[in-house]
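Just so you know, the sequences run in chain order A and B.
Heads up: the first sequence at position 61 corresponds to 61 in the working numbering, and the numbers run straight through without jumps.
Heads up: the second sequence at position 99 corresponds to 200 in the working numbering, and the numbers run straight through without jumps.
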Amino acid sequence: MSMLHIVNKSPFERVAFASCLAHAKAGDSILMIEDAVVGAVDGSSFADKVKAAMSDKTVYVLGADLAARGLEGKAIDGIVSVDYAGFVDLTANNDTTQSWL
Amino acid sequence: MSTKNFLFVNRKAPYGTVYALEALEVVLISAAFEQNVSLAFIDDGVYQITKGQNSRETGMKNFSPTFRALGDYDITKLYVSTESLTERGLTVDDLMELTYEDADDDYAEKPSIILVNREEMAAMMAEQEVILSF
């Protein structure tokens, strides 16, 4: 049973993203949207937590939200950028979806 | 009308909430009242002035070019927290080049962004008469 975790809050403002990472299981997928995309930037104080999660989970970012904030090209290597159609595919291809608001 | 020191403190990333856009609207209104206006960018507020913002796919208006107009409204002091940038993996090179023309210096183009550490930011805040935080 694989789960898609969707997180939309900045890890620098709320603990939702950290809580998501702490509860996601091996094989799960994590998708950053809206303000959560700032957590994808390499070299930040949060980057190590994301990199640790990437050892056994797949991490995605909604490219449109990354571009909106001027952060395109700054994501940690290995984070998969998806468009809105990719977002839909992720929700369809996982058994369950959990939103961390 | 007396002139007071106004500070607008920006703490939220753009687009995820309406705070950043609303703050900018109020800043522009305040400029019309000829007050001594400064802006501070701390915490996630630093994302408001990153360069290369492209919100087209999100369907939201990219309002970052408006920051370039602040100099024309005599808003020339944009204080940016160095600690907030560092925590987020950003440097001043990731920010827009925001400038103003100094009327007292033959309209020389000067940078509006002032990088400050937390201690300097706190000292600057202590000098204000009105602080509006978004």
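Even for Gly, the Cβ is constructed at its ideal location relative to N, Cα and C.
Please classify residue i as buried or exposed, where buried requires at least 16 other C-beta atoms within 10 Å of its C-beta.
i      : result
T96/A  : exposed
E34/A  : buried
K211/B : exposed
S165/B : buried
A209/B : exposed
Y84/A  : exposed
D48/A  : exposed
F134/B : exposed
Got a sec: is the Cβ-Cβ distance from residue i to anything in chain A below 8 Å?
i      : result
Q154/B : yes
T200/B : no
E184/B : no
Could you give the first and the last residue of the continuous alpha helix (DSSP H) run that contains residue i?
i      : result
F87/A  : Y84 to N93
Y120/B : Y120 to A132
L66/A  : G63 to A68
K49/A  : A47 to A53
Starting from residue i and walking both ways along the beta strand (DSSP E), at which residues does that stretch end?
i      : result
L179/B : K178 to S182
A209/B : A209 to P212
Should residue i be flagged as near chain B, meaning a C-beta pair shorter than 8 Å?
i     : result
R14/A : no
S44/A : yes
A53/A : no
Determine contact between the region 15-27 of chain A and the region 56-66 of chain A, defined as no fewer than three beta-carbon pairs at a distance below 8 Å.
They touch, by the three-pair rule.
Hey, is the region 70-83 of chain A in contact with the region 149-161 of chain B, meaning 3+ C-beta pairs nearer than 8 Å?
Contact between the region 70-83 of chain A and the region 149-161 of chain B is present, with at least three C-beta pairs closer than 8 Å.
Three Cβ pairs or more, each shorter than 8 Å: is that satisfied between the region 173-184 of chain B and the region 215-222 of chain B?
Between the region 173-184 of chain B and the region 215-222 of chain B there are three or more inter-stretch CB-CB distances shorter than 8 Å, so the stretches are counted as touching.
Taking only beta carbons into account, state which residues of the region 18-41 of chain A come closer than 7 Å to chain B, listed in chain order.
If you check each beta-carbon in the region 18-41 of chain A against every beta-carbon of chain B, the ones closer than 7 Å belong to E34, D35, V38 and V41.
Taking a cut of 8 Å between CB atoms, which residues from the region 200-222 of chain B lie near chain A?
For chain A, none of the residues of the region 200-222 of chain B brings a beta carbon within less than 8 Å of one of its beta carbons.
Name, going along the chain, the residues of the region 140-152 of chain B whose beta-carbon falls closer than 7 Å to a beta-carbon of chain A.
Sequence-ordered contacts of the region 140-152 of chain B with chain A read D144, D145, Y148, T151 and K152 [C-beta pairs closer than 7 Å].
Chain-ordered residues of the region 65-86 of chain A with a beta carbon less than 9 Å from chain B
If you check each beta-carbon in the region 65-86 of chain A against every beta-carbon of chain B, the ones closer than 9 Å belong to D65, A67, A68, R69, G70, L71, E72, G73, K74, D83 and Y84.
Any chance the region 102-117 of chain B sits against the region 131-147 of chain B, with 3 or more Cβ pairs inside 8 Å?
Enough Cβ pairs lie closer than 8 Å, so yes.
Should the region 113-129 of chain B be regarded as contacting the region 86-95 of chain A, the criterion being three or more beta carbon pairs within less than 8 Å?
Counting Cβ pairs under 8 Å, fewer than three are found: no touch.
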